[in-house]
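Asker: Take 1 as the starting number for the sequence shown in the working numbering and just add one per residue. Handing you this structure, nothing more for now.
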Amino acid sequence: MDGATRELHDIIARLWRDYAGLNAQVARIHALLAEAGEVVVHDHLALRTWGDPRCNIDVLARPFVRAGYRPAGAYRFAEKRLVARHFAHDDPGLPLVFISELVLAEFSPALQAAVAGIIGQVPEDMFDAPDLCARGRPWQVTMAAAEALRRESEYAGWLAAFGWRANHFTVSVDALARLGELARLNEFLKGHGLRLNDAGGEIKGSPAQGLEQSSTLADVVDVAFSDGVAAVPGCYYEFARRWPGPDGRLFRGFIEGSADKIFESTDQQGARS
Ligand code: OOG
Ligand code: NI
């Protein structure tokens, strides 16, 4: 394994550890699937960031690209004022990587000023760190400031509270032995008391689109803001089943209409308390 690949494996391992450590439902779902005799393989992981040249998608993608990932798709979410790209590696053992960014210029001067204040707190040299995507929240923010951001954009509120970490990992449903059908897996999860995101229906997408997805609603977790602790929706777990296209090859992209609804798994109103 070369240096860039080792560095990437370390980053992915750290993203997973931090994600599973922050969100109780992740370890629980992992354990439930193991008890059911399943082995979890991850289809993709997702990162969020600010659309600022110092820390945008290209910057977060650097360690992935250095290790051989290639840009493989671009997406736009007009209403949420987000754009995203995904990156793929020839090694089938490595997950796809979906990275989105907030299109700052499309927001109010107040939001832009608040985000400038947040990014301005990040030490200059951290922007060059290969593991920027796993650095968490190197800024302080008050509860009121985070809430003001959330009112304009759920995504901005989440990112201000949690910073650079995995927003979610996604279980490859194709790789499951007995629960390899998404409807069946959803019933299994709900039967164990987990709540699913039903925005746009519990199952987003279709076999014809090449991708069916579902996700849990993020658990509420305690976050230390600069002026106190508040409970806000953290991360969710996603489940994806891929289908072959007319050429017989498995579809390896993402579907804008489905992704748009998956983003809402961290919205305040849906969250479990
Ligand atoms: C990403 C939402 C989209 C998918 O698989 O379509 C997504 C996010 O919530 O950051 O993960
Ligand atoms: Ni996803």
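Using N, Cα and C, we set each Cβ at its ideal position, and we do this for glycine too. Quantities reported herein were computed from a predicted structural model and do not represent experimental measurements.
Using a threshold of 8 Å, state whether the C-beta atoms of phenylalanine 239 and leucine 185 are closer than that.
Answerer: yes
Asker: Starting from the N-terminal end, write out each residue whose C-beta falls within a distance shorter than 6 Å of any non-hydrogen atom of the ligand NI.
Answerer: Those satisfying the condition are, in chain order, His44, Ala46, Phe98, His168, Thr170, Glu238, Ile262.
Asker: Is there at least one Cβ from chain D nearer than 8 Å to alanine 224's Cβ?
Answerer: Note that chain D does not occur in the displayed structure, where there is just one protein chain.
Asker: At the level of alpha carbons, what is the spacing between glycine 200 and asparagine 167?
Answerer: 20 Å
Asker: Looking at the unbroken beta strand (DSSP E) that takes in isoleucine 99, where does it start and where does it end?
Answerer: 96 to 102
Asker: Rounded to the nearest angstrom, how far is the Cβ of serine 265 from that of asparagine 197, given a contact under 8 Å?
Answerer: 4 Å
Asker: According to DSSP, is tyrosine 75 helix, strand or coil?
Answerer: strand
Asker: Under the criterion of a Cβ to heavy atom distance below 7 Å, does alanine 74 qualify as lining the ligand OOG?
Answerer: no
Asker: Would you identify the three-state DSSP class for phenylalanine 254, choosing helix, strand or coil?
Answerer: Note: phenylalanine 254 maps to coil in three-state DSSP.
Asker: Please classify histidine 9: is it buried, with 16 or more other beta-carbons within 10 angstroms of its beta-carbon, or exposed?
Answerer: exposed
Asker: Are the Cβ atoms of threonine 170 and phenylalanine 225 separated by less than 8 Å?
Answerer: no
Asker: Can you tell which of Ile203, Ala105, Tyr237 has the C-alpha that lies nearest to the C-alpha of histidine 30?
Answerer: Tyr237
Asker: Given a cut-off of 8 Å, decide if arginine 165 and leucine 15 are closer than it, judged by their beta-carbon atoms.
Answerer: Going by beta carbons, leucine 15 and arginine 165 fall inside the 8 Å limit.
Asker: May I ask which residues mark the beginning and end of the beta strand (DSSP E) holding leucine 47?
Answerer: 42 to 50
Asker: Taking the alpha-carbon positions, what's the alanine 110 to glycine 205 distance?
Answerer: Rounded to the nearest whole angstrom, the CA to CA distance from alanine 110 to glycine 205 is 36 Å.
Asker: My output table needs one value for tryptophan 158: the three-state DSSP class, helix, strand or coil.
Answerer: helix
Asker: Between serine 273 and proline 233, what straight-line distance do the alpha-carbon atoms span, to the nearest angstrom?
Answerer: In this predicted model, serine 273 has a pLDDT of only 46, less than 50, meaning its place in the structure is not dependable enough to derive any value.
Asker: Using 8 Å for Cβ pairs, my map puts arginine 85 next to alanine 74. What's the rounded Cβ distance?
Answerer: Indeed they touch by this definition, with Cβ atoms about 5 Å apart.
Asker: Where does leucine 176 sit, in a helix, a strand or coil, going by DSSP?
Answerer: coil
Asker: For a test of the three-state rule: what should DSSP assign to glutamate 35, helix, strand or coil?
Answerer: In the three-state DSSP reduction, glutamate 35 falls in the helix class (H, G or I).
Asker: Can you grab the Cα-Cα spacing for the pair alanine 42 / alanine 20, in whole Å?
Answerer: It is worth fixing the name first, because residue 42 is histidine in this sequence and not alanine. Approximately 13 Å between the Cα atoms of the pair.
Asker: With a 10 Å radius around its C-beta and 16 neighbouring C-beta atoms as the bar for buried, classify arginine 294 as buried or exposed.
Answerer: Any question about residue 294 goes unanswered here, given that the chain covers just 1 to 273.
Asker: According to the Cβ coordinates, are aspartate 52 and leucine 104 closer than 8 Å?
Answerer: yes
Asker: So for alanine 148, helix, strand or coil by DSSP?
Answerer: helix
Asker: With distances taken Cα to Cα, identify the nearest neighbour of threonine 216 among Gln121, Ala145, Asn23.
Answerer: Ranking Gln121, Ala145, Asn23 by Cα distance to threonine 216 puts Asn23 first.
Asker: Glutamine 268: beta carbon under 7 Å from a heavy atom of the ligand OOG?
Answerer: no
Asker: Taking C-beta to C-beta, are leucine 102 and tryptophan 50 nearer than 8 Å?
Answerer: Yes, they are a contact pair.
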